[in-house]
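Peer 1: First, the structure itself, so that you have it in front of you.
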Amino acid sequence: MPITTAKIDEQIKKLQELRRLVSDPAMTPLLESLFANGYADQVHATENDSSASPNGSRKGDVVKAAEIVVRRLGFQGHRFKRSDVLAAMHENEFQFTAQTPDIAVNGALRKLVIREVIRVAVKGSGRAGHQYEHAEKESA
């Protein structure tokens with residue numbers, strides 16, 4: 092197995108560049124502000140997060156946003172459909188990464204049913220989708 096030093100050479104070059112930047116007095120205030128504000132930690136976390144998409148959203152964001160909308164709609168005691176949740180998410184300017192947001196919301200609603208946050212109140216068929224309601228029982 093041949094030993095290659097290409098990766099090591101690349102790291103050495105990066106470290107030398109970092110050393111040059113750190114030793115430059117003009118860069119000190121910028122570097123201090125980046126580290127003090129936690130920017131470096133955020134960049135590092137995003138680079139190492141395999142669930143992050145190119146626009147910065149993470150896996151599970153649709154489910155979290157749908158749950159927030161569902162709790163707001165569900166506590167009003169009304170039944171709601173996928174289209175209601177999708178419209179509310181658009182109103183709240185949620186940025187979908189999926190090419191088909193309606194399918195993403197449908198998947199999120201299924202997960203919320205499994206987690207027992209909501210339940211299917213009226214089972215849909217064909218073009219008429221399910222109607223949902225909040226799963227928590229209201230106190231009488």
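Going letter by letter, the sequence shown gives residues 92 to 231 in our numbering.
Glycine included, C-beta positions come from ideal geometry on N, C-alpha and C.
Please read all numbers here as calculations on a predicted model, not as lab measurements.
(1) Helix, strand or coil for A196, going by three-state DSSP, please let me know.
(2) Got a sec? Which residues, its chain only, sit under 8 Å from Q222 by beta carbon, not counting five neighbours each side?
(3) I need the straight-line Cα distance from V160 to L121, nearest angstrom please.
(4) Taking Cβ to Cβ, would you say I209 is nearer than 7 Å to A189?
(5) Note down, in chain order, each residue of its chain lying with its Cβ closer than 7 Å to the Cβ of P145, except the 5 sequence neighbours on either side.
(6) Can you look up E224 in the DSSP assignment and give me helix, strand or coil?
(7) In three-state DSSP terms, what is R210?
(8) Work out the CA separation of L109 and N87 for me, nearest whole Å.
(9) For S216, write down the residues that DSSP places opposite it in a beta bridge.
(10) Here's a check: name, in chain order, each residue in its chain whose Cβ is nearer than 7 Å to the Cβ of T119, leaving out the five neighbours to either side.
(11) Kindly give me the distance between the Cβ atoms of D193 and L203, rounded to whole angstroms, as I take these residues to be in contact under 8 Å.
(12) Could you tell me the alpha carbon to alpha carbon distance between R201 and K105, rounded to whole angstroms?
(13) Is E184 near the ligand MG, judged by its Cβ being under 6 Å from some heavy atom?
Peer 2: Quick look at the numbers:
(1) Taking the first residue of the sequence shown as 1, we reach residue 196 at position 105. The residue you asked about is not Ala; residue 196 is Val in the sequence shown. Here V196 sits in helix by DSSP.
(2) Here residue 222 corresponds to residue number 131 of the sequence shown, with the count starting at 1. The residues are R170, F171, K172, V211, A212, V213 and G215.
(3) Taking the sequence shown and counting its residues from 1, the one referred to as residue 160 is at position 69. Taking the sequence shown and counting its residues from 1, the one referred to as residue 121 is at position 30. Approximately 40 Å, taken between the alpha carbons.
(4) Position 118 of the sequence shown, counting from 1, holds the residue named residue 209. Position 98 of the sequence shown, counting from 1, holds the residue named residue 189. Not a contact, by the Cβ cut-off of 7 Å.
(5) Reading the sequence shown from its first residue, position 54 is the one you call residue 145. Low confidence applies to P145: its pLDDT is 44, below 50, so where it sits in the model is not reliable, and the reading given next is rough at best. Once the five neighbours on either side are set aside, P145 has no close Cβ partner at all.
(6) Locating residue 224 in the sequence shown gives position 133, counting from the first residue. Here E224 sits in strand by DSSP.
(7) The residue you call residue 210 lines up with position 119 of the sequence shown. Three-state result, R210: strand.
(8) Outside the shown range of the chain, which is 92 to 231, sits residue 87, and nothing can be said about it.
(9) Within the sequence shown, the letter at position 125 stands for residue 216. A219, per the DSSP bridge assignment.
(10) On the sequence shown, position 28 is the one that residue 119 refers to. Counting only Cβ-Cβ distances below 7 Å, and skipping sequence neighbours, we find nothing.
(11) Taking the sequence shown and counting its residues from 1, one reaches residue 193 at position 102. Taking the sequence shown and counting its residues from 1, one reaches residue 203 at position 112. That belief does not hold up - the Cβ atoms of D193 and L203 are roughly 15 Å apart, past 8 Å.
(12) Numbered from its first residue, the sequence shown carries residue 201 at position 110. Numbered from its first residue, the sequence shown carries residue 105 at position 14. Each residue's Cα considered, the two are about 46 Å apart.
(13) Only the bare structure without any ligand can be found here, which leaves the ligand MG out of the picture.
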